[in-house]
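Protein chains in written order, with numbering that gives the first Met the number 0: chain R, 0 to 306; chain Y, 0 to 322. To keep things clear, I will list the structure first and then write my remarks on it.
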Amino acid sequence: MIRFILVRFLQTVLALLGVITLVFLLVRLSGDPALMMMTSGSMEEDLVRIRQQLGLDKPQIVQYGIYLKGLVTGNLGESFRNNRPVAELISEALPNSLRLAVSSFIASMIIALLLGVLAATKRDTIFDNGVKMLAVLGQAMPDFWVGIMVILIFSVHWQIFPASGTDSPKHYVLPVAVLTFYILPGIMRIIRSSMLDVLDSEYIKLARIKGVPEKLVIWKHALRNALIAPLTTAGLILAGLIAGVVVIEYVFTMPGLGSLSLEGMALRDFPVVQGVVLVLSSAVLVINFLVEVLYAVIDPQIRYQYT
Amino acid sequence: MSKIVLEVEGLRTSFFTRKGIVKAVDGVSFFVREKETLGIVGESGCGKTVTGMSIMRLLPEPGGKIVGGRITLNGTSLLELSKREMRNIRGCMVSMILQDPMTSLNPVYTIGDQIAESVRMHQNLADEKMITNEVVSSLRLLQIPSPETLLKNYPFQLSGGMRQRVVGAIAMCCKPSLLIADEPTTALDATIQAQYIALFKDIQAKTDVAIIFITHDFGVIADMCHRVAVMYAGKIVESASTSEIFKKPQHPYTRALINSVPRLDRKDDRLYSIEGQPPSLMHLPPGCRFCERCSDSLEICSKEEPPEKNIGNNHTVSCWRVQ
Numbered sequence: 000m001i002r003f004i005l006v007r008f009l010q011t012v013l014a015l016l017g018v019i020t021l022v023f024l025l026v027r028l029s030g031d032p033a034l035m036m037m038t039s040g041s042m043e044e045d046l047v048r049i050r051q052q053l054g055l056d057k058p059q060i061v062q063y064g065i066y067l068k069g070l071v072t073g074n075l076g077e078s079f080r081n082n083r084p085v086a087e088l089i090s091e092a093l094p095n096s097l098r099l100a101v102s103s104f105i106a107s108m109i110i111a112l113l114l115g116v117l118a119a120t121k122r123d124t125i126f127d128n129g130v131k132m133l134a135v136l137g138q139a140m141p142d143f144w145v146g147i148m149v150i151l152i153f154s155v156h157w158q159i160f161p162a163s164g165t166d167s168p169k170h171y172v173l174p175v176a177v178l179t180f181y182i183l184p185g186i187m188r189i190i191r192s193s194m195l196d197v198l199d200s201e202y203i204k205l206a207r208i209k210g211v212p213e214k215l216v217i218w219k220h221a222l223r224n225a226l227i228a229p230l231t232t233a234g235l236i237l238a239g240l241i242a243g244v245v246v247i248e249y250v251f252t253m254p255g256l257g258s259l260s261l262e263g264m265a266l267r268d269f270p271v272v273q274g275v276v277l278v279l280s281s282a283v284l285v286i287n288f289l290v291e292v293l294y295a296v297i298d299p300q301i302r303y304q305y306t
Numbered sequence: 000m001s002k003i004v005l006e007v008e009g010l011r012t013s014f015f016t017r018k019g020i021v022k023a024v025d026g027v028s029f030f031v032r033e034k035e036t037l038g039i040v041g042e043s044g045c046g047k048t049v050t051g052m053s054i055m056r057l058l059p060e061p062g063g064k065i066v067g068g069r070i071t072l073n074g075t076s077l078l079e080l081s082k083r084e085m086r087n088i089r090g091c092m093v094s095m096i097l098q099d100p101m102t103s104l105n106p107v108y109t110i111g112d113q114i115a116e117s118v119r120m121h122q123n124l125a126d127e128k129m130i131t132n133e134v135v136s137s138l139r140l141l142q143i144p145s146p147e148t149l150l151k152n153y154p155f156q157l158s159g160g161m162r163q164r165v166v167g168a169i170a171m172c173c174k175p176s177l178l179i180a181d182e183p184t185t186a187l188d189a190t191i192q193a194q195y196i197a198l199f200k201d202i203q204a205k206t207d208v209a210i211i212f213i214t215h216d217f218g219v220i221a222d223m224c225h226r227v228a229v230m231y232a233g234k235i236v237e238s239a240s241t242s243e244i245f246k247k248p249q250h251p252y253t254r255a256l257i258n259s260v261p262r263l264d265r266k267d268d269r270l271y272s273i274e275g276q277p278p279s280l281m282h283l284p285p286g287c288r289f290c291e292r293c294s295d296s297l298e299i300c301s302k303e304e305p306p307e308k309n310i311g312n313n314h315t316v317s318c319w320r321v322q
């Protein structure tokens, strides 16, 4: 098990190095930011000066060196737009994104687990059909629309929860609820179908033959096997959530990584895009690493591949 | 005569589906004594497995339901027990071995855990050491080499034959008085199959367990069983001691089944097979169920169901031809 974790950890670090390099190259392929900063009255000298200021006149390899050195010291450069350090911009946006992502992730996973498992055990009953309806609704209604609707109902009409901002936990209730409702159906359906597969298996029959109480059959014998498939999806969902849910951020005016990267891209603000992509890809890599470790915890066969 | 462990009388099990009622088991009666092996033989879909699952009271829900009859195990009427009481009997007084050893063990728990779970549930053993001892002795009973190390293994680390022995150990760990083996050797290759059958004869000699051996293979019946019940389309059409069945099969279906077994001492160009398909259990014919496939049916066969006749020696047959 330790060996497995170690191997996976090293792979993660290597992948991260790859990502760092790739981000540097990709951003540089997308055009000259100095040109973007020109106005109609700008002169040729201005262009040269700005390029100099931003360090864009140096050879690529030197730029890469500066970029790597910056990363090690926590310096992600300065935004071309307002000259603020990128690290600062990210540290303002990241907590919002994380709070939003993690709380809606946890909420949706708990609900998906309960509803998915129960729907599978009560297959084709009113309960199961109700859950199915809920899933269809969640998937059919776009999140921005649901967002506006809950603001109309809970902020404007009843005035229970604030419509925008990030000042208190209360501000997070509506966006988290909307996000949860949005991601719930997919993962719930995967858990349900995975659970149905497992409940149909011979070892579940054997557990019942042994006289195992039905509760244990479901939550001990079946669930652990049924979790392997949804785990991958859960990891992807969490990564997606951290990457930013631009629509929700805009609807509820809570600037997070989504808004930050969107603005950065629109203005070709290299350092900002670089920084955001870096944070996001590290998050994805860390999540993948955790998912792999969880796989090994759940499934002994994976664990034993490395002994 | 040793005592009767299980008695099934007029068992009827149906599946209620949207398309209609499937009478999977339709009035089946048999009994098994201590130290005795009863073979239930028949083709796929004849109701063998449903009979076994009915005794365990583990029919697929919703839909599967026992609609009539009595099942008495060691004097207890199983159909009158509450769910909870039945659970205490399952895996303890009666247990079952399933067909496919590759899939009948839970892949994420160790062998030791899976056997210990049964022991813990059904035997009042205070201390973990005693539980482990029980687990090890059940593995020994199944002649599993070095049981202590095997405890910590996961199913994927074992071969099919070894897994089927572990399944046997789970079934035997609480010393049941009845074991239902549902085609336990079908998924094993021929040499392992022979070993497994020898093993069960040995276990029966040691523990006096009564065994119901469900199979479609008359060869296995000859090796393993004392008595045989031949099932066709939800009914037992003939039942007798194994030697009697092989010497004097009365029902045309039994004869056809025995003829279908490939033999080394005969040179056949083609294997014998029974023409046609068994009737749909949803729309059963009014007369004998085998009538359409029978080579020497009478006029009455398609109109009235043949009654069960005892022709002596505990040999019963349901066929109009038999007088």
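Yeah, the Cβ is synthetic: ideal placement off N, Cα and C, and Gly gets one too. Predicted model, so just to flag it, every value in this text is computed and none were measured.
Check, Outcome
"DSSP state of F79/R mapped onto helix, strand, coil", "coil"
"Within chain Y, the residues that E201/R reaches when beta carbons sit closer than 7 Å", "L97, D99, T102, S103"
"Sub-9 Å separation of G167/Y and L141/Y beta-carbons", "yes"
"Boundaries (first-last residue) of the alpha helix (DSSP H) holding G234/R", "227-241"
"For P84/R, the residue or residues it bridges with in DSSP", "E77/R"
"G19/Y versus L149/Y - alpha carbon distance", "48 Å"
"Given 8 Å, three or more beta-carbon pairs between the region 287-302 of chain R and the region 0-17 of chain Y", "no"
"Validate contact between the region 179-186 of chain R and the region 206-220 of chain R using beta carbons, cut 8 Å, 3 pairs", "no"
"Per-residue DSSP class, three states only, for D127/R", "helix"
"Interface positions of the region 207-236 of chain R facing chain Y (Cβ-Cβ less than 8 Å), listed along the chain", "R207, I208, K209, G210, V211, P212, H220, R223, N224"
"Chain Y contact for L117/R (CB, 9 Å cutoff)", "no"
"Interface flag, Y303/R vs chain Y, CB-CB below 9 Å", "yes"
"Burial state of Q203/Y (16 or more Cβ within 10 Å)", "buried"
"CA-to-CA distance, P229/R to I190/R, given in whole angstroms", "6 Å"
"For V271/R, the nearest candidate out of V6/R, P32/R, T252/R, L284/R (CA to CA)", "P32/R"
"Neighbour flag for E79/Y against chain R, beta carbons, 9 Å", "no"
"Proximity below 9 Å, CB of I179/Y to CB of M120/Y", "no"
"Paired residues, beta bridge with E307/Y - DSSP", "BP columns for E307/Y are empty, so no partner."
"Exposure of L93/R, with buried meaning 16 or more beta-carbon neighbours within 10 Å", "buried"
"Per-residue DSSP class, three states only, for K64/Y", "strand"
"Contact list for the region 173-190 of chain R against chain Y, Cβ threshold 7 Å", "none"
"Contacts that P323/Y makes with chain R (C-beta to C-beta distance below 8 Å)", "The requested residue 323/Y is not part of the displayed model; chain Y covers only 0 to 322."
"Contacts of R86/Y in chain R (Cβ-Cβ under 7 Å)", "G210, P212"
"Alpha-carbon to alpha-carbon, S76/Y and L280/Y", "27 Å"
"Proximal residues to Y303/R (C-beta, below 6 Å), its chain only, five neighbours per side dropped", "none"
"Reference T20/R, options G30/R, I65/R, D127/R, closest by Cα", "I65/R"
"Alpha carbon of P146/Y to alpha carbon of H282/Y, nearest angstrom", "51 Å"
"Cβ separation of S349/Y and P251/Y, assumed to be a contact under 8 Å, to the nearest whole Å", "The structure shown does not extend to residue 349/Y, since chain Y is modelled only from 0 to 322, so the question has no answer here."
"Distance CB(I257/Y)-CB(C172/Y) smaller than 9 Å", "no"
"Any C-beta of chain C under 9 Å from that of V27/Y", "In the structure shown, chain C cannot be found, because the protein chains are R and Y."
"N- and C-terminal bounds of the beta strand (DSSP E) containing R214/Y", "Position check: residue 214/Y holds Thr in this sequence, whereas Arg was assumed. Residues 209-214."
"Rounded Cβ spacing between E304/Y and G286/Y (contact assumed at less than 8 Å)", "6 Å"
"Boundaries (first-last residue) of the beta strand (DSSP E) holding D112/Y", "Counting along the chain, D112/Y falls outside any beta strand (DSSP E), though it belongs to the alpha helix (DSSP H) covering 110-121."
"Inter-stretch contact at 8 Å, needing at least 3 Cβ pairs: the region 268-285 of chain R / the region 105-122 of chain R", "no"
"Host alpha helix (DSSP H) of F143/R (start-end)", "142-149"
"Three-state secondary structure (DSSP) of K22/Y", "strand"
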